[in-house]
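The sequence shown maps to residues -29 to -1, 1 to 267 in mature numbering (1 follows the signal peptide of the UniProt record, and there is no 0).
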Amino acid sequence: MRIKYFNQLLSMKYALFSAIFLSATTVFACTFPEISPDFSKKGWVTLLIGGFAFFCARTVGILVNQIIDHAIDKKNPRTSFRVLPSKKLSFNFVSFVAALASLFFVILCMFLNKECTWLALVSTILMVVYAYAKRVTYLCHWILGLIYYLAILMNFYALSSGPLSLKMFTIVSLWGITAAMIIAANDIIYAIQDLDFDREEKLYSIPACFGKEKAIRIASGCLIISLISYIVMSLLASFTKLGCVLSFFPALVICKTMKNYHGMHKNKANFERCFFRGNIYLALSFFVVMVSLLLS
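Take a look at the structure:
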């Protein structure tokens, strides 16, 4: 029974977007000569350590957020049934698991390299900051995006034997901004569900501070920045002709996502399903492009 509740707590199906996006990052990294030779030496060990590190990091992110928010979630009709607010699992047990996952996350990154270790420490701190940030600033959505940006950096550093060149760092950063802006946009849209509650509790979110319509426009703006960042990155990385052609798919999915933003919140019954599917399609579109680059 505890396993069932723990699975509910982690909401594993929502990890698919992150897993696919980071898989796309791994494939993308292997297309560069300065990384792929190193990766062939490290092989599956790096992938295995990275996979476990990702699982630990996501566990920390989910649990820390729910631990810090459990009192607020208990008041919110939309979240009051969740595992911690409904006391299906004890607060102390969940806190212990979060602390253990944090420790394992940092230790696993230590086996990779010092860059990953430092980024893991910063990411862990930011996960805590993000959970508290919504109490003081509407910038909380971009803090979450920053965490994903750091995850992209960690992915590249894990596959590299040393510091990245300036050009490589710029390419990775643009790819990280692409991911970060998508995450921030999604977080803004997701927060629309709690607009009234956030205002009552004086929580800072883009929808609570600026209203629903402006929130949708801001989220759409984030996606536009994401698309621009991706286009600049593809030019700097000298995508193949096939990669350039296939890049129309992420562009189309982003445009479709922006269109969905304007209608998704109106159908509350299908909100979560549409939100989940939209994210998966977006991640898959990028993954297809990166695989084509590796194979071409």
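We put the beta carbon where it would ideally sit given N, CA and C, even for glycine.
Residue i burial status per 10 Å Cβ neighbour count (16 or more: buried)
{"i": "Asp158", "result": "buried"}
{"i": "Lys105", "result": "buried"}
{"i": "Ile(-27)", "result": "exposed"}
{"i": "Val107", "result": "exposed"}
{"i": "Ala222", "result": "exposed"}
{"i": "Val16", "result": "exposed"}
{"i": "Asn(-23)", "result": "exposed"}
{"i": "Gly214", "result": "buried"}
{"i": "Phe64", "result": "exposed"}
{"i": "Ser267", "result": "exposed"}
{"i": "Asp40", "result": "buried"}
{"i": "Ser205", "result": "buried"}
{"i": "Ser176", "result": "buried"}
Cutoff 8 Å: residue i Cβ touching any chain C Cβ
{"i": "Ser66", "result": "Chain labels in this structure do not include chain C; a single protein chain is all it has."}
Boundaries (first-last residue) of the alpha helix (DSSP H) holding residue i
{"i": "residue 310", "result": "Lying outside -29 to 267, the shown extent of the chain, residue 310 is not represented and no answer is given."}
{"i": "Ile189", "result": "183 to 207"}
{"i": "Ala151", "result": "137 to 162"}
{"i": "Ile6", "result": "Unbroken run through Ile6: none, as it is neither H nor E."}
{"i": "Leu55", "result": "Element bounds for Leu55: n/a, residue is neither H nor E."}
{"i": "Thr(-4)", "result": "-14 to -1"}
{"i": "Asp165", "result": "No alpha helix (DSSP H) contains Asp165, which DSSP labels as neither H nor E."}
{"i": "Gly214", "result": "212 to 217"}
{"i": "Met81", "result": "62 to 81"}
{"i": "residue 273", "result": "No information on residue 273 is available, as it lies outside the stretch -29 to 267 that the chain covers here."}
C-beta atoms of residue i and residue j nearer than 8 Å
{"i": "Arg49", "j": "Asp165", "result": "yes"}
{"i": "Tyr120", "j": "Glu86", "result": "no"}
{"i": "Ile196", "j": "Met152", "result": "yes"}
{"i": "Pro178", "j": "Ala156", "result": "no"}
{"i": "Phe246", "j": "Ala150", "result": "no"}
{"i": "Thr(-4)", "j": "Leu130", "result": "yes"}
{"i": "Ser(-12)", "j": "Phe258", "result": "no"}
{"i": "His263", "j": "Leu217", "result": "In the sequence on display, residue 263 carries Ser and not His. Cβ atoms of Ser263 and Leu217: closer than 8 Å."}
{"i": "Glu172", "j": "Ile38", "result": "no"}
{"i": "Lys45", "j": "Tyr(-25)", "result": "no"}
{"i": "Leu90", "j": "Leu124", "result": "yes"}
{"i": "Leu137", "j": "Val143", "result": "no"}
{"i": "Phe76", "j": "Ala28", "result": "yes"}
{"i": "Ile114", "j": "Val100", "result": "yes"}
{"i": "Val54", "j": "Leu(-21)", "result": "yes"}
Alpha-carbon to alpha-carbon, residue j and residue i
{"i": "Arg248", "j": "Leu18", "result": "26 Å"}
{"i": "Phe62", "j": "Pro56", "result": "9 Å"}
{"i": "Leu92", "j": "Tyr109", "result": "24 Å"}
{"i": "Leu253", "j": "Ser200", "result": "15 Å"}
{"i": "residue 269", "j": "Cys226", "result": "Any property of residue 269 remains undetermined from this structure, which presents the chain solely from -29 to 267."}
{"i": "Phe(-2)", "j": "Glu184", "result": "36 Å"}
{"i": "Leu117", "j": "Ala102", "result": "13 Å"}
{"i": "Leu74", "j": "Lys212", "result": "44 Å"}
{"i": "Val203", "j": "Gly133", "result": "25 Å"}
{"i": "Lys(-17)", "j": "Phe219", "result": "27 Å"}
{"i": "Leu198", "j": "Ser(-19)", "result": "28 Å"}
{"i": "Glu5", "j": "Met139", "result": "9 Å"}
{"i": "Val260", "j": "Cys111", "result": "30 Å"}
{"i": "Ile154", "j": "Asp167", "result": "22 Å"}
**Prompt:** When the Cβ atoms of the segment 176 to 196 are set against those of the segment 221 to 232, are three or more pairs found closer than 8 Å?
**Reply:** yes
**Asked** Is the segment 20 to 38 in contact with the segment 73 to 91, if contact means three or more CB pairs nearer than 8 Å?
**Response** yes
**Prompt:** Are the segment 62 to 70 and the segment 30 to 39 touching, with three or more C-beta to C-beta distances below 8 Å?
**Reply:** yes
**Message:** Using 8 Å as the cut-off, can you tell me whether the segment 91 to 105 makes contact with the segment 44 to 64, which would need three or more C-beta pairs spanning the two stretches below that distance?
**Reply:** no
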